[in-house]
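Numbering (the working numbering), first residue to last: 14 to 696.
Glycine included, each C-beta is placed from N, C-alpha and C at the ideal position.
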Ligand code: FES
C-alpha cells in the first residue's frame, strides 16, 4: 500500500513515476512500474547490471526537488563492488539503494534490458535488444533427504521463483554437468536460457558456477552463393564484435545456383558433398571470427542464418533438385529452428541454437525475407524498390499497401567473376573509375588507398597491394564510364581506336577492349575491359532490370519513388553509374540510396530480437511472390534492357543529369547485343 505521503520516484528517460514506501529498493520500484532496468543476479548486488544515476536538485519538469538524502546511504555491497570493479561517479546499484525521499532516477542505456542499438546505415533502424538467449543468476535449494527432488527440478523451481520462468528442459550433455556445477557454485549458478517465440518451455543452453561474467554471443550469417559473411554479436549490448567473410566453397561445384542444382542432379551424392563443404566453411568461419574477437567460441550460443532457397536446402542437407524445375517446391518455406550442431557447427557451444528465417517462395529465399525485415518496405509511405545485388538478386517492391518480391538470376559478374580482369573486393582491386570524355584517359582508385591514380603519391601508396584487377563496383563504373565517354555505344559495342580517337581502344580478335592499366612490361597485370566483360555485365544488369520491371508491371506502375541498393557490395555501387548502366529503373538520383548488407542486417535483427522472428514469419505470408522463371514478360524486359541504359525506356531523370553521347560502332548492321540469346541461369 502506498499513500500520498510516500516518496515519489520518477524514472527517466521513460518518465514512469509512482509512490513507494521509504526503504523500497530502486530495483523493486522499477519493476513495479515496468521500468526497463536490467538484473542478472536478481538483486544480490553482484552483477552490477542494475546501475542507475540519481539526480539531485530542482526538477521543475517533474515537479520534484531531490535532496541529498533522497536515497539510502552507500552500503557495504556497493562499496565492495566499487573497490573490486569500480562504479562510475554518481552511479548506484539499483538493487542496493533504497528510496528515502522524492527522487528522480535515470536508467542509463547500458542498464536497460531492451536497450536500443542504432544501425550505422543511412536508413538507421533501431534494433531493440530482446534476444532469445539470456543469462539468469539463481540460488538453487540444496538437496534434502526428507524432500527428495532432482537437481534439475530444484533449478527449475528456483528459476520459476526468482524469474517467473514457467518451465525448462535440459539435454543430456547439460544434465551431465549440472551436479558438479551446482556444487562448485555453492548452489549459486548462472544459466543461459533459450526461449523460443514458438515454445513455452525454455531450454538450458549453458550453466556456470556463481555469476557468469564472460558474456553471451550470437552469430548472424548471410550465406550467399558466392560469399559467406558473419557478424559476431554481443547478445547483451547488440554490439558487433567482429565481422568476417569467406568464399562459399560450393563455387567449385558450380558458380551459380542452377549449376549447383545440376551438379546435384548429375552426380549421385553431389548434394551431400555440397552440404559438407558449406557446413565445414561455416564452422571454420565461426572459429576464426571468435579467435579474431578474442572470445571463447563456447560462448556463442545462437546462430541466425539467411540464404537463398538452394543454399537453404543444401545447408540443411535437403536435395535441392525440386528447386531446379517448375513448380519450384521448397521442402519447407517456414522458418527452421534446430540445434546448431545439426548443421555441423562444432566450434561453438554444443547446445547452441540455430534459426533460419522463412523463405518467401521457391526462388525467393530467407535472404529476401531478411531484406524485408531490415528495410521494411511494407511500412514505407512511398513506393520503394529494394534490390539486393548478388549472384542471385532479391528484389522487393512495395509500400504500406502491398509488397511484391521476386528473385532474378544475375550471375556472378557483379561480384567480379566472369570478368577478364575481375576479382573479389580486396586491397588492390579497382573499385572506382572515371574516364575523361575529352582525352578518353582513365583514372581510378583501388581498395586500400584513398588517392586517385592521377594524384601524387598514388604509386607509393599502392606499392604494397599493387593494382590487381577490377571488383564489382569497379566494373559497373567502368562500363558506365565507357558509355558516358562515348567509347561504347548503346548496344554495348566498344569502338575501335579509329572510331573513338584513343589508342586505349585496342583490337582483340574481331572486337575491341579498353585498356585501363598496363604494367605488363614490369611483369605486372594488364587490366582491360573486354567486349566479353561488357556482355557479362549486360546479361547481369538486364536480369536485374527485368526483375524490377516485372514487379512494376504487376503493381501497375511505370516509376518508383525511391530505389534502395542493398547487398554486400550494393553499398559501394555509385547510383549514377548504376543508372547509366540501366541496372535500375530511372529515378531522381537523390532517391537512390544504399542500405549496405541488408540481408546481413536482417539476420542481426532476428538474432537480437525474438519478436522480429515472429514478425518476419507473419510478413512473408503477406508478400506476393512473382516467379521470373515462368513469366514470358521477363524475357521481353530482359531483351529490351540489353541496351545501355535501355532500348525503349526514356530515363528522363538520368537525361537531366547525364546526357549520353550516341555513337554507333556497329558497321555490319548486326544486332551486336545479341538480344534474346541468353543462357537461362539461376545464380
Ligand atoms: Fe545485480 Fe543489482 S541486480 S547488482
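Three-state class that DSSP yields for residue i in the structure shown
| i | result |
| --- | --- |
| residue 144 | coil |
| residue 334 | helix |
| residue 645 | helix |
| residue 352 | strand |
| residue 665 | helix |
| residue 392 | helix |
| residue 517 | coil |
| residue 580 | coil |
| residue 343 | coil |
| residue 372 | coil |
| residue 159 | coil |
| residue 90 | helix |
| residue 635 | helix |
Residue i: CB within 7 angstroms of a non-hydrogen atom of the ligand FES
| i | result |
| --- | --- |
| residue 742 | With the chain represented from 14 up to 696, any question about residue 742 goes unanswered, as that position is not in the structure. |
| residue 1 | No statement about residue 1 is possible, as the shown extent of the chain runs from 14 to 696 and does not include it. |
| residue 53 | yes |
| residue 107 | yes |
| residue 172 | no |
| residue 40 | yes |
Straight-line gap, residue i to residue j (C-alpha atoms, nearest Å)
| i | j | result |
| --- | --- | --- |
| residue 558 | residue 623 | 35 angstroms |
| residue 538 | residue 441 | 11 angstroms |
| residue 380 | residue 235 | 7 angstroms |
| residue 630 | residue 348 | 7 angstroms |
| residue 285 | residue 327 | 8 angstroms |
| residue 181 | residue 487 | 53 angstroms |
| residue 565 | residue 398 | 9 angstroms |
| residue 659 | residue 502 | 12 angstroms |
| residue 217 | residue 149 | 10 angstroms |
| residue 369 | residue 325 | 8 angstroms |
| residue 108 | residue 122 | 17 angstroms |
| residue 372 | residue 477 | 44 angstroms |
| residue 67 | residue 154 | 35 angstroms |
| residue 410 | residue 423 | 18 angstroms |
| residue 294 | residue 534 | 39 angstroms |
| residue 272 | residue 261 | 14 angstroms |
| residue 729 | residue 672 | Nothing can be reported for residue 729: it is not among the residues displayed for the chain, which extend from 14 to 696. |
| residue 105 | residue 250 | 20 angstroms |
| residue 412 | residue 388 | 11 angstroms |
| residue 542 | residue 460 | 18 angstroms |
| residue 84 | residue 118 | 10 angstroms |
| residue 391 | residue 635 | 9 angstroms |
| residue 29 | residue 46 | 7 angstroms |
| residue 483 | residue 506 | 20 angstroms |
| residue 291 | residue 185 | 28 angstroms |
| residue 568 | residue 590 | 26 angstroms |
| residue 18 | residue 65 | 24 angstroms |
| residue 263 | residue 607 | 28 angstroms |
| residue 382 | residue 159 | 55 angstroms |
| residue 613 | residue 242 | 8 angstroms |
Distance between beta carbons of residue j and residue i, contact taken as under 8 angstroms
| i | j | result |
| --- | --- | --- |
| residue 432 | residue 419 | At roughly 25 angstroms, the Cβ-Cβ gap does not stay under 8 angstroms, so residue 432 and residue 419 are not in contact. |
| residue 625 | residue 619 | 5 angstroms |
| residue 268 | residue 430 | 6 angstroms |
| residue 546 | residue 572 | Not a contact, Cβ separation roughly 30 angstroms. |
| residue 245 | residue 400 | So it is not a contact: roughly 28 angstroms between Cβ atoms. |
| residue 456 | residue 467 | 4 angstroms |
| residue 231 | residue 139 | With a Cβ gap of about 18 angstroms, residue 231 and residue 139 do not count as contacting. |
| residue 584 | residue 609 | 4 angstroms |
| residue 421 | residue 556 | 5 angstroms |
| residue 574 | residue 396 | 5 angstroms |
| residue 53 | residue 27 | In fact, because the Cβ distance is near 21 angstroms, the residues do not count as touching under 8 angstroms. |
| residue 201 | residue 152 | 5 angstroms |
Any non-hydrogen atom of the ligand COA closer than 7 angstroms to residue i Cβ
| i | result |
| --- | --- |
| residue 61 | Among the ligands in the structure shown, the ligand COA does not appear; only the ligand FES can be found there. |
Neighbour flag for residue i against chain D, beta carbons, 8 angstroms
| i | result |
| --- | --- |
| residue 648 | Among the protein chains of the structure shown there is no chain D, as only one such chain exists. |
| query | Which runs of the beta strand (DSSP E) spanning at least 3 residues fall entirely within the segment 213 to 301, listed in chain order? | reply | Within the segment 213 to 301, the complete beta strand (DSSP E) runs of at least 3 residues fall at 215 to 222, 230 to 236, 240 to 247 and 253 to 260.
| field | 3-residue-minimum beta strand (DSSP E) runs that sit fully inside the segment 442 to 513, ordered along the chain | value | The segment 442 to 513 contains, as complete beta strand (DSSP E) runs of 3+ residues, the segments 442 to 448 and 455 to 459 (chain order).
| Taking the runs of the beta strand (DSSP E) that are 3 residues or longer, which of them lie wholly in the segment 99 to 126? | Whole beta strand (DSSP E) segments, 3+ residues: 116 to 119.
| Whole alpha helix (DSSP H) runs in the segment 19 to 78 with 4 or more residues, listed along the chain? | As far as the segment 19 to 78 is concerned, its whole alpha helix (DSSP H) runs of at least 4 residues are 39 to 46.
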